[in-house]
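Have a look at the structure below before the remarks.
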Amino acid sequence: MLKSPAWLDYHQGLEYAKLLPSPPLLLSQGHWQGLVLEHHDTPPWEIPESCVSHHHIGVLLGPWRGERWIDGRHRSEMAPKGSLSIIPAGVPFASRWQNRSQAIVLAIDPTLLGRLAHEAVDGDRLRLNFCWLHDGDPFISQILHLLKTDTESGHPLGPIYGDSLGTALAAHLLRHYATRSFTLPAYTGGMPRYRLIPVLEYIDAHLQHPLSLQELAAVANMSQYYFCRMFRQTLGIAPFQYVRQQRIERAKKLLEQPHLSILEVGLQCGFTSPSHFTRQFRQIVGVTPKAYRNAFLP
Numbered sequence: 007m008l009k010s011p012a013w014l015d016y017h018q019g020l021e022y023a024k025l026l027p028s029p030p031l032l033l034s035q036g037h038w039q040g041l042v043l044e045h046h047d048t049p050p051w052e053i054p055e056s057c058v059s060h061h062h063i064g065v066l067l068g069p070w071r072g073e074r075w076i077d078g079r080h081r082s083e084m085a086p087k088g089s090l091s092i093i094p095a096g097v098p099f100a101s102r103w104q105n106r107s108q109a110i111v112l113a114i115d116p117t118l119l120g121r122l123a124h125e126a127v128d129g130d131r132l133r134l135n136f137c138w139l140h141d142g143d144p145f146i147s148q149i150l151h152l153l154k155t156d157t158e159s160g161h162p163l164g165p166i167y168g169d170s171l172g173t174a175l176a177a178h179l180l181r182h183y184a185t186r187s188f189t190l191p192a193y194t195g196g197m198p199r200y201r202l203i204p205v206l207e208y209i210d211a212h213l214q215h216p217l218s219l220q221e222l223a224a225v226a227n228m229s230q231y232y233f234c235r236m237f238r239q240t241l242g243i244a245p246f247q248y249v250r251q252q253r254i255e256r257a258k259k260l261l262e263q264p265h266l267s268i269l270e271v272g273l274q275c276g277f278t279s280p281s282h283f284t285r286q287f288r289q290i291v292g293v294t295p296k297a298y299r300n301a302f303l304p
């Protein structure tokens, strides 16, 4: 079965879907930093030996029956719904399955883990273990399902939400699936005001634009992991939650101005569509933007 490994490079837009007979049901590419999510529903099929530029994490959405070859090792098995696989970047793999199969697959750029690993000792020695767990991993499964929902919803919170989930996932992988133990620094004490105030001012000045975790961490001159931990310790909520909160607060003020349409209010507050705006506003405030406006205007 095995041939010369095919090289799949996500940096060139060649995603895992290229190995399958049909396009993915869902694909998020280029929206988050270092992450590509795919949702596949495939008939019985065979993937020839391949190597991928990114770490691959897969969660089964239904049972799977077939054979796998990972780095020259062969395994034949039946895997239940919820099973987890982790295939490190650059490791040859192949598979053949006998039943229709659904899965969420997340590709992670190794540089995303590499930057985080440099906050621990010997970050250059980062390697992930290959894993195939029938019991799955509840934390990883939750992250992948949240990213899937975010993609299906059109990324209503912008890239910062997926970036935050990706950072949390990277930390989890380093702690539990690296070939050697990584202990990430336990940052405490909160974010100094001289770093926090410029970030809050930046958010306020750019609410109408898609905000990424990378740009906010750069304003604070911190790594993304360090920034997330310090921000939450200081304000009690994650950066993406603060951004959403501020967008809603600005929307409430703008809705009191009758010359602005509800569509204009949503766009000025960074919501990508009227439906996103209505859903997020009602979730936080308890009423729709229209009902909120009607309560203020004669």
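Residues in the sequence shown are numbered from 7 upward in steps of one, following this note's numbering.
Glycine included, every Cβ here is placed at the ideal spot set by N, Cα and C.
Predicted model only: the values in this text are computed from it and were never measured.
Tyr231 to Tyr248 span [Cα, whole Å]: Here residue 231 refers to the residue found at position 225 when the sequence shown is read from its first residue. Here residue 248 refers to the residue found at position 242 when the sequence shown is read from its first residue. Those two C-alpha atoms are separated by around 16 Å.
Can the beta-carbon of Leu14 be found closer than 7 Å to that of Thr48? On the sequence shown, position 8 is the one that residue 14 refers to. On the sequence shown, position 42 is the one that residue 48 refers to. Going by C-beta atoms, Leu14 is not nearer than 7 Å to Thr48.
Proximity winner among Val58, Trp70, Leu41, Phe233, relative to Trp51 (alpha-carbon distances): Taking the sequence shown and counting its residues from 1, the one referred to as residue 51 is at position 45. The candidate whose alpha carbon is nearest that of Trp51 is Trp70.
So the beta strand (DSSP E) His182 belongs to, where does it begin and stop? Position 176 of the sequence shown, counted from the start, is the residue given in the question as residue 182. Careful: His182 lies outside any beta strand (DSSP E), inside the alpha helix (DSSP H) at 165-183.
Which of helix, strand or coil DSSP assigns to Val293: The count along the sequence shown starts at 1 and reaches residue 293 at position 287. DSSP places Val293 in coil when its eight states are reduced to three.
Report the start-end ranges of each alpha helix (DSSP H) in the region 29-114 that is 4 residues or longer and not cut off at the edges. none
At the level of alpha carbons, what is the spacing between Lys259 and Arg299? Within the sequence shown, the letter at position 253 stands for residue 259. Within the sequence shown, the letter at position 293 stands for residue 299. The straight-line gap from Cα to Cα measures roughly 10 Å.
If we require 3 or more residues per run, which beta strand (DSSP E) segments fall completely within the region 214-271? none
Tyr16, buried or exposed, once every other Cβ within 10 Å from all chains shown has been counted against 16: Within the sequence shown, numbered from 1, the residue matching residue 16 stands at position 10. Buried is the call here.
In the DSSP assignment, find the unbroken alpha helix (DSSP H) run with Leu190 in it and report its ends. Taking the first residue of the sequence shown as 1, we reach residue 190 at position 184. Element bounds for Leu190: n/a, residue is neither H nor E.
Selection from Phe283, Tyr22, Leu134, Pro191 that minimises the alpha carbon distance to Gly160: In the sequence shown, residue 160 corresponds to position 154, counting from 1. Cα-wise, what sits closest to Gly160 is Phe283.
Which residue's Cα is closest to the Cα of Phe99: Tyr22, Arg238, Met228, Pro86? Mapped onto the sequence shown, residue 99 falls at position 93. Comparing Cα positions, the closest option is Tyr22.
Take Thr240 and list the residues in its own chain whose beta-carbon comes closer than 7 Å to its own, dropping the five residues that flank it on each side. Stepping through the sequence shown from its first residue, residue 240 is reached at position 234. Answer for Thr240: Gly196, Met197, Leu202, listed in chain order.
Classify Leu273 as helix, strand or coil using the three-state DSSP reduction. As a working note, residue 273 is residue 267 in the sequence shown. Correct three-state label for Leu273: helix.
Host beta strand (DSSP E) of Ala12 (start-end): As a working note, residue 12 is residue 6 in the sequence shown. Its beta strand (DSSP E) spans residues 12-14.
Whole-angstrom distance between Cys234 and Gln251, CA atom to CA atom: The residue you call residue 251 lines up with position 245 of the sequence shown. The residue you call residue 234 lines up with position 228 of the sequence shown. Between Gln251 and Cys234, the C-alpha separation is close to 16 Å.
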